[in-house]
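Asks: If you scroll down you'll find the structure; I have some questions about it.
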Amino acid sequence: MSGPTVFGAGGALQWRCLPFHAMGADTLYRLLRLRSEVFVVEQNCLFQDMDGLDAQCLHVLGEVVDAQGVVHLHASTRLVPPGVSFAEASIGRVVTSPAARGGGIGHALMAESVRQLTALWRPQPIRIGAQAHLEAFYNRHGFVSDDKPYVEDGIPHIEMLRP
């Protein structure tokens, strides 16, 4: 499944939504490398990113192919079916490449992720576990806090619901 083309850092950003088993080794490597770059290195947070849930999920990928034909992953989320992380469907592992930030790629990523989730599993509430400092970002996408803050991997989080 692919969504509309938008422009991101380095050219035309193409969206794909793939189940784990349909990702080739190169795509999986790019995904895990980006998540490690941001969640472990940039955020200086040691945690088990590969938590056993990826195979149950679909993955939204925002990619740019450069002039040499090399694919660069600029953004990704994990679409989690209802009953896996929360009773509701969820969007997790929201990540954008540091090199691609500043032009709205995070907002495009969330809009595409909500669109894909709704197309896959019908319109329904979506619950997320968001880093607390990003609450206003997620508010712009219809998510509201449930006022139950918690700490995960040393980072303040808050559950949010998009009714």
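Numbering (the numbering used here), first residue to last: -13 to 149. Quick reminder that beta carbons are idealized off the backbone N, C-alpha and C, glycines included.
Just grab the DSSP bridge partners of Q0 for me.
Replies: E49.
Asks: 8 Å is my cut-off, CB to CB: does P135 come that close to chain B?
Replies: The question asks about chain B, but that chain is absent: this structure has only one protein chain.
Asks: On the three-state DSSP scale, how would you describe R126?
Replies: In this structure, R126 counts as coil in the three-state DSSP scheme.
Asks: Go to G78, then tell me how far its beta strand (DSSP E) extends in each direction, as first and last residue.
Replies: Here the beta strand (DSSP E) through G78 covers 75 to 82.
Asks: Could you have a look at V57 and say whether DSSP puts it in helix, strand or coil?
Replies: Of the three classes helix, strand and coil, the one that applies to V57 here is strand, per DSSP.
Asks: So for G(-6), helix, strand or coil by DSSP?
Replies: Residue confidence is low: G(-6) scores 47 on pLDDT, short of 50, so the model does not pin down where it sits. Its coordinate-derived value is still stated next. The answer is strand: DSSP assigns G(-6) an E or B state.
Asks: Taking its Cβ as the centre, do 16 or more other Cβ atoms sit within 10 Å of A75, making it buried, or is it exposed?
Replies: Answer is buried; the Cβ neighbour count reaches 16.
Asks: Tell me, which residues are paired with L146 by DSSP?
Replies: Looking at the sequence itself, residue 146 is Met, so the reference to Leu does not match. M146 pairs with I114, S131.
Asks: Taking just the CA atoms, how far does Y124 sit from T13?
Replies: If you take the alpha carbons of T13 and Y124, they lie about 27 Å apart.
Asks: Please state the DSSP three-state secondary structure of M(-13).
Replies: Interpretation of M(-13) is limited by its pLDDT of 45, a score under 50 that renders its predicted location unreliable; the figure taken from the coordinates is listed afterwards. Coil.
Asks: Leaving out the 5 sequence neighbours to the left and right, which residues in its chain are closer than 8 Å to P149 when beta-carbon positions are compared?
Replies: These residues qualify, in order along the chain: P111, G128, V130.
Asks: Kindly indicate which residue of G69, R79, M96, Q42 has the alpha-carbon position closest to the one of R150.
Replies: Nothing about residue 150 can be reported from this structure: the residues present for the chain run from -13 to 149 only.
Asks: Kindly give me the distance between the Cβ atoms of C3 and V46, rounded to whole angstroms, as I take these residues to be in contact under 8 Å.
Replies: Rounded, the Cβ-Cβ distance is 5 Å, consistent with contact.
Asks: Just list the residues that DSSP pairs L65 with in beta bridges.
Replies: Per DSSP, L44, I77.
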